[in-house]
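*Asks:* These protein sequences, in sequence, are chains A and B.
With this note's numbering, letter number 262 in the first sequence gets 257, and the count goes up by one each step, no holes.
With this note's numbering, letter number 205 in the second sequence gets 211, and the count goes up by one each step, no holes.
Built from N, CA and C at the ideal position, the CB exists for glycine as well.
There's a structure below that I have some questions on.
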Amino acid sequence: MSWFEKIMPSRIKTERRKRSVPEGLWIKCPACDAVLYRAELERNLYVCPKCHNHMRDIGARERLAYFLDPGEHAEIGAQVAPEDALKFRDSRRYRDRLAQAQKATGEKDALVVLAGTLHGLPVVACAFEFQFLAGSMGSVVGERFKRAVDHCIEQRCPLICFSSSGGARMQEALFSLQQMAKTSAALARLAAARVPYISVLTDPTLGGVSASLAMLGDLNLAEPRALIGFTGPRVIEQTMRETLPEGFQRSEFQLEHGALDMIVDRRDMRERIAVLLRLLLKLPPLAA
Amino acid sequence: MAVAFLDFEQPIAELEAKIEELRHVGSDSEVNINDEIARLQAKSRQLTMSIFASLTPWQITQLARHPQRPYTLDYVSAVCREFHELHGDRMFGDDLAIVGGLARLEDRVVMVVGHQKGRDTKERVRRNYGMPKPEGYRKALRLMRLAERFRLPLVTLIDTPGAFPGVGAEERGQCEAIARNLFDMSVLGVPIVTVVTGEGGSGGALAIGVCDRLLMLQYSTYSVISPEPCASILWKSTDKKEAAAEALGLTAQRLYQLGLIDEVLEEPLGGAHRDPAAMSVTLKAAVIHHLEELEKLSVEELRERRSARIASFGVYTEEVGE
Chain A
-4 MSWFEKIMPS
6 RIKTERRKRS
16 VPEGLWIKCP
26 ACDAVLYRAE
36 LERNLYVCPK
46 CHNHMRDIGA
56 RERLAYFLDP
66 GEHAEIGAQV
76 APEDALKFRD
86 SRRYRDRLAQ
96 AQKATGEKDA
106 LVVLAGTLHG
116 LPVVACAFEF
126 QFLAGSMGSV
136 VGERFKRAVD
146 HCIEQRCPLI
156 CFSSSGGARM
166 QEALFSLQQM
176 AKTSAALARL
186 AAARVPYISV
196 LTDPTLGGVS
206 ASLAMLGDLN
216 LAEPRALIGF
226 TGPRVIEQTM
236 RETLPEGFQR
246 SEFQLEHGAL
256 DMIVDRRDMR
266 ERIAVLLRLL
276 LKLPPLAA
Chain B
7 MAVAFLDFEQ
17 PIAELEAKIE
27 ELRHVGSDSE
37 VNINDEIARL
47 QAKSRQLTMS
57 IFASLTPWQI
67 TQLARHPQRP
77 YTLDYVSAVC
87 REFHELHGDR
97 MFGDDLAIVG
107 GLARLEDRVV
117 MVVGHQKGRD
127 TKERVRRNYG
137 MPKPEGYRKA
147 LRLMRLAERF
157 RLPLVTLIDT
167 PGAFPGVGAE
177 ERGQCEAIAR
187 NLFDMSVLGV
197 PIVTVVTGEG
207 GSGGALAIGV
217 CDRLLMLQYS
227 TYSVISPEPC
237 ASILWKSTDK
247 KEAAAEALGL
257 TAQRLYQLGL
267 IDEVLEEPLG
277 GAHRDPAAMS
287 VTLKAAVIHH
297 LEELEKLSVE
307 ELRERRSARI
317 ASFGVYTEEV
327 GE
């Protein structure tokens, strides 16, 4: 243990142990190579203070803790846990991959759903944990998302979802494909109930998640420079042998092509969504 | 047209070649050529039966992609009394990888929407190998909404390697187009019967496959990813495609056991392409049977059941008593 770690506050240490981000007190920004002090980066919500790169390292719970008002949050669907229905085995067993991901992240699966308040307004917020098998969507993610929607319909409270996912989870095969239908069908019910749903696409949102719940927001927001698309850029390049245009599939590209309503800096997200929801719900503006 | 045989069918191919040869010499020979041919034909049937009795998931994947497999328009012309193809998404273009239109199925009018592959190279390119772009999904959605407005049941036929992975498709919102179809189909106010006739390739297939009844032909496949990319991602080797096909459980039989589909439609011996007419008869009867059941429901009941059906998808454990 270095002298630096010894003087580090214990709160940061425990948070760090649960997550699989590279150990160390200093982090190099992958975009601008600036060497950043981890504690400062955490305070800045994993946005590089030098180049404003929005890093993937922010965990689902960290994100929700920042987003919701402080206080008690009720977790929805926490008791729903994954099952290896197909006894899927590739170079490794799916069960082992699950166990490892659970250990590394402290989560049972890739979606965390919390009910809380946003500037006093009751909301349900969910976030994908990208460190859990690339935030892939299987049966648990689908079921938790559906329960989030059910809660929102029952309580007539808005839903916000932060997605970061490689897509559907291959090891659950057709079960995971059907989660695209399941989450989309839930959102159709939410829309019919006239309850707002704000989708926030973060880096990266691809495949089965972008082609279902992430693109179906009443408002689609994204963080700057997030990779968003159906087929990932590497696959397109390999199969189509096409050279990809500069900035292809980034948030700015998606905004230009009409897929998004706006791009919002992570550090402004909480305020901006609170303001937008109050407009959709015809509530008076936030007190300054 | 001569039947094209797959690698695992080579023993059948050899036998059939022999039969063909005998037919040619048949005319100027006095021995019982006809008896010999009949004997070999019986043997060929036996051989086909034994090979097809234990196909691997990878072999079934090959059958689902068979170049002579009947496609949507083949079934439509065999099954429907009338078919009037409708074109275009009214926004960008007409994607030929998806076809759709008004049809008469016996005495009822239906909307048919399906993927369409091409038979020869030129046609394959024109149909983009059955891989739709956003305009294809938006055309499909337009036709579905049209069906809803005039209370016409919807029949969708799935046969695609997947949604097209290209720059233009991404620019025009491939993910939004697929997502929108899933969203709208889940509440569409008319019965939807979906039949997977060939390849059920992931989101590109599901985008016209949210339904009340899901049927699969015996040698069709349906999965979240094709065996080849699955193998290269999870095994880091495309040589493992057979293992991937096995692991993905993508065959009709397996999916039926898992409770993910409603019915498996038996194919003629050797596969649908060996007797497309017989396959069409089976498909037509099954579609009509399911439509008849669904037509008894009110729109509300139909929506409720579909919603409950979709919500039930998934396998997970749940700890109780907290």
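Could one say the Cβ of A:G101 lies closer than 7 Å to chain B's Cβ atoms, at least one of them?
*Replies:* Closer than 7 Å: no.
*Asks:* If you reduce the DSSP assignment to three classes, tell me which class A:C147 lands in.
*Replies:* Correct three-state label for A:C147: helix.
*Asks:* By Cβ distance, which residues of its chain are closer than 8 Å to A:A286, with the 5 residues on each side in sequence left out?
*Replies:* Examination of residue 286 of chain A is not possible in this model, given that chain A is present from -4 through 283 alone.
*Asks:* With 7 Å as the C-beta to C-beta threshold (strictly closer), list the residues of the segment 74 to 94 of chain A near chain B in chain order.
*Replies:* Listed in sequence order: Q74, V75, A76, P77, E78, A80, L81, F83, R84, D85 and S86.
*Asks:* Looking at C-alpha atoms only, which residue of A:L201, A:D213, A:L208 and A:G202 is the closest neighbour of A:F186?
*Replies:* A small fix is needed here, since residue 186 of chain A is Ala in this sequence, not Phe. When only C-alpha atoms are compared, the closest one is A:D213.
*Asks:* Let me see if you follow: with CB-CB separation under 7 Å, is A:K177 close to chain B or not?
*Replies:* True, the Cβ-Cβ gap to chain B drops below 7 Å.
*Asks:* Under 8 Å Cβ-Cβ, which residues of chain B neighbour A:E266?
*Replies:* Under the 8 Å cutoff, chain B gives no residues; its nearest Cβ is about 27 Å from A:E266.
*Asks:* Can you give me the C-alpha to C-alpha distance between B:T257 and B:E88, rounded to a whole angstrom?
*Replies:* Computed Cα separation, rounded: 32 Å.
*Asks:* Would B:Q180 count as contacting chain A if we go by Cβ distances under 7 Å?
*Replies:* Yes, contact with chain A.
*Asks:* Applying the 10 Å Cβ sphere with the 16-neighbour rule, what's the burial state of B:N187?
*Replies:* Classification for B:N187: buried.
*Asks:* Shortest alpha-carbon distance to A:P219 belongs to which of A:D198, A:K82, A:G19 and A:F243?
*Replies:* Out of A:D198, A:K82, A:G19 and A:F243, A:D198 has the C-alpha closest to the C-alpha of A:P219.
*Asks:* Helix, strand or coil for A:G161, going by three-state DSSP, please let me know.
*Replies:* It is coil, neither helix nor strand.
*Asks:* Look up B:V326 in the DSSP assignment and say whether it is helix, strand or coil.
*Replies:* Of the three classes helix, strand and coil, the one that applies to B:V326 here is coil, per DSSP.
*Asks:* Going along the chain, which residues of the segment 153 to 174 of chain A sit with their C-beta nearer than 7 Å to a C-beta in chain B?
*Replies:* So the close ones are A163, M165, A168, L169, F170, S171, L172, Q173 and Q174.
*Asks:* Please classify A:P4: does DSSP put it in a helix, a strand, or coil?
*Replies:* Note that A:P4 scores 48 on pLDDT, short of 50, meaning its location in the model is unreliable and no value can be drawn from it.
*Asks:* Is A:A183 near B:F319, with beta carbons less than 7 Å apart?
*Replies:* No, Cβ-Cβ distance for A:A183 and B:F319 is not below 7 Å.
*Asks:* Should A:R142 be listed as close to the ligand ADP, given that the test is whether its C-beta is under 6 Å from any heavy atom?
*Replies:* The model depicted lacks the ligand ADP and carries no ligand whatsoever.
*Asks:* Would you check if the distance between the CB atom of A:S160 and the CB atom of A:T200 is smaller than 7 Å?
*Replies:* The answer is yes: Cβ separation under 7 Å.
*Asks:* Residues in the same chain with beta-carbon distance under 7 Å from B:E269, minus the five sequence neighbours each way, listed in chain order, please.
*Replies:* Only L221 and A292 meet the Cβ criterion.
*Asks:* Between B:C236, B:S226 and B:L300, which lies nearest to B:T67 when the distance is taken from Cα to Cα?
*Replies:* The shortest Cα separation from B:T67 among B:C236, B:S226 and B:L300 belongs to B:S226.
*Asks:* Following the continuous alpha helix (DSSP H) through A:N215, name the residue where it begins and the one where it ends.
*Replies:* Per DSSP, A:N215 belongs to no alpha helix (DSSP H); it is in the beta strand (DSSP E), L214 to A217.
*Asks:* Are the Cβ atoms of A:A94 and A:F127 separated by less than 7 Å?
*Replies:* In this structure, A:F127 does not lie closer than 7 Å to A:A94 by Cβ.
*Asks:* Output yes or no for whether 7 Å exceeds the beta carbon distance between B:T166 and B:G207.
*Replies:* Going by C-beta atoms, B:T166 is nearer than 7 Å to B:G207.
*Asks:* As a quick exercise: from A:V135, A:Y192 and A:E149, pick the residue whose alpha carbon is nearest that of A:I155.
*Replies:* Per the Cα distances, A:Y192.
*Asks:* When burial is assigned at 16 or more other CB atoms within 10 Å of the CB, is A:C27 buried or exposed?
*Replies:* Flag for A:C27 reads exposed.
*Asks:* Please report the distance separating the alpha-carbon of B:I43 from that of B:A284.
*Replies:* Each residue's Cα considered, the two are about 24 Å apart.
*Asks:* Assign A:Q249 to one of two classes, buried (16 or more other C-beta atoms within 10 Å of its C-beta) or exposed (fewer than that).
*Replies:* So A:Q249 ends up on the buried side.
*Asks:* Let me check understanding here. Comparing Cα to Cα, which of B:L160, B:T54 and B:G94 lies closest to B:L111?
*Replies:* Here the closest residue by C-alpha is B:L160.
*Asks:* On the DSSP bridge list, what partners appear for A:H49?
*Replies:* In the DSSP output, where bridge partners are listed per residue, A:H49 has A:V42.
*Asks:* Can you name, in chain order, every residue of its own chain whose Cβ lies under 6 Å from the Cβ of B:R219, other than the five neighbours on each side?
*Replies:* Taken in chain order, the residues that qualify are V199, D268 and H296.
*Asks:* By a C-beta neighbour count over all protein chains shown, 10 Å radius and 16 as the cutoff for buried, is A:Y32 buried or exposed?
*Replies:* With fewer than 16 Cβ atoms within 10 Å of its Cβ, A:Y32 is classed as exposed.
*Asks:* DSSP three-state call for A:M210: helix, strand or coil?
*Replies:* A:M210 falls in the helix class under three-state DSSP.
*Asks:* With 16 as the cutoff for other CB atoms within 10 Å, does B:E176 come out buried or exposed?
*Replies:* With 16 or more Cβ atoms within 10 Å of its Cβ, B:E176 is classed as buried.
*Asks:* Report the residues of the segment 135 to 153 of chain A with a CB closer than 7 Å to any CB of chain B, ordered along the chain.
*Replies:* So the close ones are V135, G137, E138 and K141.
*Asks:* Let me see if you follow: with CB-CB separation under 7 Å, is A:F225 close to chain B or not?
*Replies:* True, the Cβ-Cβ gap to chain B drops below 7 Å.
*Asks:* Could you spell out where the beta strand (DSSP E) holding B:S409 opens and where it closes?
*Replies:* As displayed, chain B neither begins before 7 nor continues past 328, which places residue 409 of chain B out of reach and without an answer.
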